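**Q** Once you've had a glance at the structure underneath, I'll fire off some questions.
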Amino acid sequence: MIHFEQVSKRYLGGHEALKSLTFNMAPGEMAFLTGHSGAGKSTLLKMIALIEKPSSGHIRIAGQILNRMSRRQIPFFRRQIGLVFQNHNLLMDRSVYDNVALPLLIEGESPREIGRRVRAALDKVGLLEREAYLPIMLSGGEQQRVGIARAVVTKPKLLLADEPTGNLDPKLSREVMNLFADFNRVGTTVLIASHDLGLIARMPFRVMTLKNGELVRGADGGERGPN
Ligand code: ADP
Ligand code: ADP
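Each residue of the sequence shown is one higher than the one before, counting from 209 in our numbering.
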């Protein structure tokens with residue numbers, strides 16, 4: 209699903225944020241990406257979603273070679289990827305329902321199909337009864353779950369999350385991570401950047417560690433967390 213071959217990234221005027229990264233993730237796999245702040249985690253996720261381009265090397269995602277993708281193909285490519293952020297980027301003046309419906313509206317789905325899929329996504333994250341609420345009326349954990357529902361409503365093959373539990377207490381963090389594991393169990397490939405080493409250690413997934421832009425652990429896929 210994800211193939212990086214000697215991928216490097218140097219930002220304009222900056223130093224090398226990623227240094228010759230080579231790794232693979234199989235379809236249906238779930239993994240964590242960890243490392244100190246500034247290690248390159250966000251940069252790596254952004255390159256998978258084509259938000260940033262590599263300075264050198266090759267990236268293949270779901271069979272598509274990113275280096276060869278034209279500008280016109282990028283929006284279609286991005287629809288295969290669900291993105292979850294720490295600050296969830298919800299529209300605060302729109303209902304929970306409208307927030308989750310947004311990606312489907314952009315895809316031009318019919319109102320009937322949108323209704324069906326939004327409610328299915330809200331049901332999966334346990335927020336069906338909150339569809340008419342504004343995000344401000346929800347707890348931090350609930351808001352993050354709305355962000356996850358919005359990321360999965362298009363049924364992406366690949367789910368990427370950047371510090372999805374950064375603002376949550378330990379119990380809510382566990383719930384959110386378990387939710388990702390649920391989506392993984394039904395076949396979604398999941399890659400989560402996280403600082404939360406304690407939480408990661410308790411989950412049975414591969415851990416990749418970045419240090420100053422180099423992958424120092426977990427590149428080969430055979431490696432698992434301490435459990
Ligand atoms: P900042 O200074 O921006 O807060 P730090 O680099 O100090 O960021 O790290 C923030 C968090 O990341 C801390 O909780 C720390 O324990 C954790 N952390 C630090 N180094 C690593 C590492 N190599 N891998 C994973 N987590 C780390
Ligand atoms: P992490 O997510 O692990 O905290 P990042 O991927 O955000 O790390 O950053 C990796 C390195 O790239 C850092 O040194 C950071 O300052 C630098 N960086 C990130 N984004 C930019 C940018 N848009 N322009 C220049 N440098 C950047």
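For each residue, glycine too, the CB sits at the ideal point set by N, CA and C. Given the structure is predicted, the values throughout are model-derived calculations rather than measurements.
(1) Does ligand 2 have even one heavy atom less than 7 Å from the beta-carbon of Gly426?
(2) Enumerate in chain order the residues of its own chain whose CB-to-CB distance from Tyr341 is below 6 Å, with the five nearest sequence positions on each side excluded.
(3) Candidates Thr417, Asn297, Lys217 and Glu237: which alpha carbon is nearest Ser228's?
(4) In angstroms, rounded to a whole number, what distance separates the CA positions of Arg425 and Ser250?
(5) Does the segment 238 to 247 touch the segment 272 to 290, meaning 3 or more C-beta pairs lie closer than 8 Å?
(6) Starting from the C-beta of Gln288, find all residues in its chain whose C-beta is less than 7 Å away, skip the five residues before and the five after it, and write them out in chain order.
(7) List the DSSP bridge partners of Asp404.
(8) Is it true that the segment 368 to 377 meets the segment 341 to 352, where meeting means three or more beta-carbon pairs spaced less than 8 Å apart?
(9) Three-state secondary structure (DSSP) at Asn375?
**A** In terms of the structure at hand:
(1) Taken from the Cβ of Gly426, every heavy atom of ligand 2 lies 7 Å or farther away.
(2) Closer than 6 Å at Cβ, skipping near neighbours: Val304.
(3) The shortest C-alpha to C-alpha distance from Ser228 to any of Thr417, Asn297, Lys217 and Glu237 is the one to Lys217.
(4) Separation of Arg425 and Ser250 (C-alpha to C-alpha, rounded to the nearest whole angstrom) is 17 Å.
(5) Cβ pair count under 8 Å is below three, so no.
(6) These residues qualify, in order along the chain: Ala270, Pro364, Lys365 and Leu366.
(7) None; Asp404 has no bridge partner.
(8) Flag = yes, the segment 368 to 377 and the segment 341 to 352 touch.
(9) Coil at Asn375, not helix or strand.
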